[in-house]
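Undergrad: Quick note on numbering: the sequence shown equals residues 1 to 398 in the UniProt record's numbering. In this text, a Cβ means the ideal position worked out from N, Cα and C, and glycines have one as well. Given the structure is predicted, the values throughout are model-derived calculations rather than measurements.
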Amino acid sequence: MQRAMSKTGESILLFRHSQREIAVWKENKNIFYCPVCEERVIIRSGERVVPHFSHLPQTACLFSGGEGAYHARGKLQLFQWLTRFNMRADLEVYFPEISQSADIFICIGQKKIAVEFQCSRISRKEILSRIQGYKSIGIESMWILGAKYLKRKGACTFQTNHFLDTFIHSSPQKDYPQLFFYDPFLSEMAVLHHLHPLQTSKLFAKQFIYPLHKLHFKHLFHKEKNPGKFPEVWLKEVQRLRIKVEGAYGSVYQLRRWLYSKGYLFQHLPSICFIPIPYYAAVPVPFYKWQTELYVTWLADLKAGERTDIGRVKKILYSFYGKGTFDFSNALSYYLQLIQRAGYIDIQSSSILRTKKEIICYSSLEQAAQGDQSFFYPFFTEKKAKYEHDSPLFRYTK
Ligand SMILES: [Zn+2]
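1. Report the three-state DSSP secondary structure of Ser350 (helix, strand or coil).
2. In chain order, what residues of the same chain lie with their CB nearer than 8 Å to the CB of Ser136, ignoring the 5 residues before and after it?
3. What are the start and end residues of each continuous alpha helix (DSSP H) run of 4 or more residues lying completely inside the UniProt domain "Competence protein CoiA nuclease-like" (67-224), in chain order?
4. Just checking Glu39 against ligand 1 - is the residue's beta carbon closer than 7 Å to any of the ligand's heavy atoms?
5. Just the Cα atoms here: how many angstroms apart are Phe95 and Ala72?
6. Taking only the alpha-carbon atoms, compute the straight-line gap between Ile42 and Ile108 and give it to the nearest angstrom.
7. Scan the segment 247-321 and note each continuous alpha helix (DSSP H) run of 4 residues or more that stays entirely inside, going in chain order.
8. Confirm, please, whether the CB-CB distance from Ala4 to Pro35 is below 8 Å.
9. Is Val93 a contact residue of ligand 1, with contact defined as CB to any heavy atom under 7 Å?
10. Would you grab the beta carbon distance between Tyr280 and Asp175 for me? Rounded to a whole angstrom, and I think it's under 8 Å.
11. Just list the residues that DSSP pairs Ser364 with in beta bridges.
12. Could you tell me if the beta carbon of His219 falls within a distance shorter than 7 Å of some heavy atom in ligand 1?
13. Alpha carbon to alpha carbon, what distance is there between Cys156 and Trp234?
14. Could you pull the start and end residues of the beta strand (DSSP E) that Leu13 belongs to?
15. Rounded to the nearest angstrom, what separates Ile249 and Ala304 at their Cα positions?
16. What's the C-alpha gap between Val93 and Ala147?
17. Can you tell me whether DSSP reads Phe328 as helix, strand or coil?
18. What's the C-alpha gap between Pro270 and Ile360?
19. At a cut of 8 Å, does the segment 121-130 reach the segment 201-208 through at least three beta carbon pairs?
20. From the DSSP output, which residues share a beta bridge with Met5?
21. Assuming the contact rule is C-beta atoms closer than 8 Å, Gln173 and Phe208 should be a hit. Round their C-beta distance to whole Å, please.
22. For the beta strand (DSSP E) that contains Phe63, what are its first and last residues?
23. May I ask whether a heavy atom of ligand 1 can be found less than 7 Å away from the beta carbon of His55?
24. Taking buried to mean at least 16 other C-beta atoms within 10 Å of its own C-beta, is Phe32 buried or exposed?
25. Between the beta-carbon of Leu56 and the beta-carbon of Arg40, is there less than 8 Å?
26. To the nearest whole angstrom, what separates the beta carbons of Leu317 and Leu336, a pair I think is in contact under 8 Å?
27. Check the C-beta distance from Val115 over to Leu78 and give it rounded, since I have them as a contact under 8 Å.
28. How should Tyr288 be labelled, buried or exposed, when 16 other C-beta atoms within 10 angstroms of its C-beta is the threshold for buried?
29. Quick one: is Val238 buried, meaning 16 or more other Cβ sit within 10 Å of its Cβ, or exposed?
30. I think Gln100 touches Tyr134, with their Cβ atoms under 8 Å apart; what is that distance to the nearest whole Å?
31. In the DSSP output, what is Val41 paired with across the bridge?
32. Nearest CA to the CA of Ile345: which residue from Glu366, Pro278, Ile272?
33. Looking only at DSSP bridge pairs, what is Ile345 linked to?
34. Exposed or buried, what is Val245 when buried is set at 16 or more other beta-carbons lying within 10 Å of its beta-carbon?
Take a look at the structure:
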């Protein structure tokens, strides 16, 4: 840690002092105290480490864990960067009322934000409890992850996991989630925009990289132009899913068996079973699974012009997952809007919809591939002017 109290009660930030000064303190065995537990701390410095305060080995202080050189270095760089803008920034601020310590604490006008540079993997429970802790005292939190968690798989695809997922779902902008990564050795910030879940371990995103010295804090949250690559990546995903062969325990395998018992083939399902749902509306169930279940138990039996109570559609979903497990409201309303725009249904009121045409399965894999092409390309590339205020998906124009 960088902060400690001197014998006279002064708050010292170590990096603000010269190496000479620090050497003298060490030589004179000056005494410093941890601002959290008030135990004695000592100065550590050397060629390979940023000078910092450290607890004695037998301490019981919750904030005594070694933070590692990577974290220490990044935290300091991020702090120095944040002090350049028109806001108040403090390093290592302890909030006794919630027993939490923020790496960096900033105030912009009335807004208070804890900035955490997270370089170790912690549980979802812990992340959520820390976010909630800050919230309870009126502080937003923003998490910047160590660059080692940024794993690129393709031009617009990245590896993901529960750890990253938790941060996406707790993103400061609910309808525009982002991920932030910082590399203290390159002094670069990477930001992922336009996040869409693809598979449980893969997501679609557009990556932007900024050298820290050229980046303005506010710019981090700007909505970037949509990447034109999405339809291409998406079609490939759907194709991969249709022909995927899975062992007896995979979710696709089980869905296949269920479909087979109902007289359907997974690879021939209509394109509306594979509609992308962006993170902010998504549920933790594979998108194709619940969309297929809806199709088979509802849409497939409808004739053109038939009406359905939207409440019934929700009930169908909850018959698969149980009420109270996942909240399908956002995912479902997003989905219904999209299939309305694709011309399959008419949403007539908040509770009633009407099918416009029968939705039938493809009869071969080739037909499905062609069908997906002609379904998804116009689906993503509708004219901007016409749909400007509509669903975010339609903003995917080149
Ligand atoms: Zn302490």
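TA: Put simply:
1. Here Ser350 carries a coil assignment [DSSP, helix/strand/coil].
2. The residues are Ile98.
3. Taken in chain order, the complete alpha helix (DSSP H) segments of 4 or more residues contained in the UniProt domain "Competence protein CoiA nuclease-like" (67-224) are 68-82, 124-136, 162-169.
4. Relative to ligand 1, Glu39 has its C-beta within less than 7 Å of a heavy atom.
5. Approximately 20 Å between the Cα atoms of the pair.
6. Their backbone Cα atoms lie some 33 Å apart in a straight line.
7. As far as the segment 247-321 is concerned, its whole alpha helix (DSSP H) runs of at least 4 residues are 251-261, 287-297, 310-321.
8. For the pair Pro35 and Ala4, the CB atoms are nearer than the 8 Å cut-off.
9. Because no heavy atom of ligand 1 lies under 7 Å away, the Cβ of Val93 does not count as near it: no.
10. About 5 Å separates the two Cβ atoms, so the contact holds.
11. Paired residues: none, contrary to the question.
12. No; taking the cut-off as 7 Å, the Cβ of His219 has no heavy atom of ligand 1 nearer than that.
13. About 11 Å.
14. For Leu13, the enclosing beta strand (DSSP E) covers residues 11-13.
15. The sequence shown places Tyr at residue 249, rather than the Ile named in the question. For Tyr249 and Ala304, the gap between their C-alpha atoms comes out near 37 Å.
16. Spanning the two alpha carbons is a distance of roughly 23 Å.
17. Of the three classes helix, strand and coil, the one that applies to Phe328 here is coil, per DSSP.
18. Approximately 6 Å, taken between the alpha carbons.
19. Of all C-beta pairs linking the segment 121-130 to the segment 201-208, fewer than three are shorter than 8 Å, placing the two stretches out of contact.
20. Met5 pairs with Ser11, Tyr33.
21. At roughly 15 Å, the Cβ-Cβ gap does not stay under 8 Å, so Gln173 and Phe208 are not in contact.
22. First-last for Phe63: undefined, no H or E at that position.
23. Inclusion of His55 in the 7 Å shell around ligand 1 follows from its C-beta lying nearer than that to a non-hydrogen atom of the ligand.
24. Classification of Phe32: buried, given that the 10 Å Cβ count is 16 or more.
25. Their beta carbons are under 8 Å apart, which means Leu56 touches Arg40 by this criterion.
26. The Cβ separation is near 12 Å, so there is no contact.
27. Contact holds; Cβ gap of about 7 Å.
28. By the neighbour-count rule (16 or more Cβ atoms within 10 Å), Tyr288 is buried.
29. That one is buried.
30. That pair is a contact at about 7 Å.
31. In DSSP, Val41 forms a bridge with Phe32, His55.
32. Among Glu366, Pro278, Ile272, the Cα nearest to that of Ile345 belongs to Ile272.
33. Listed as beta-bridge partners of Ile345 by DSSP are Thr355.
34. The residue is exposed, with fewer than 16 neighbouring Cβ atoms inside 10 Å.
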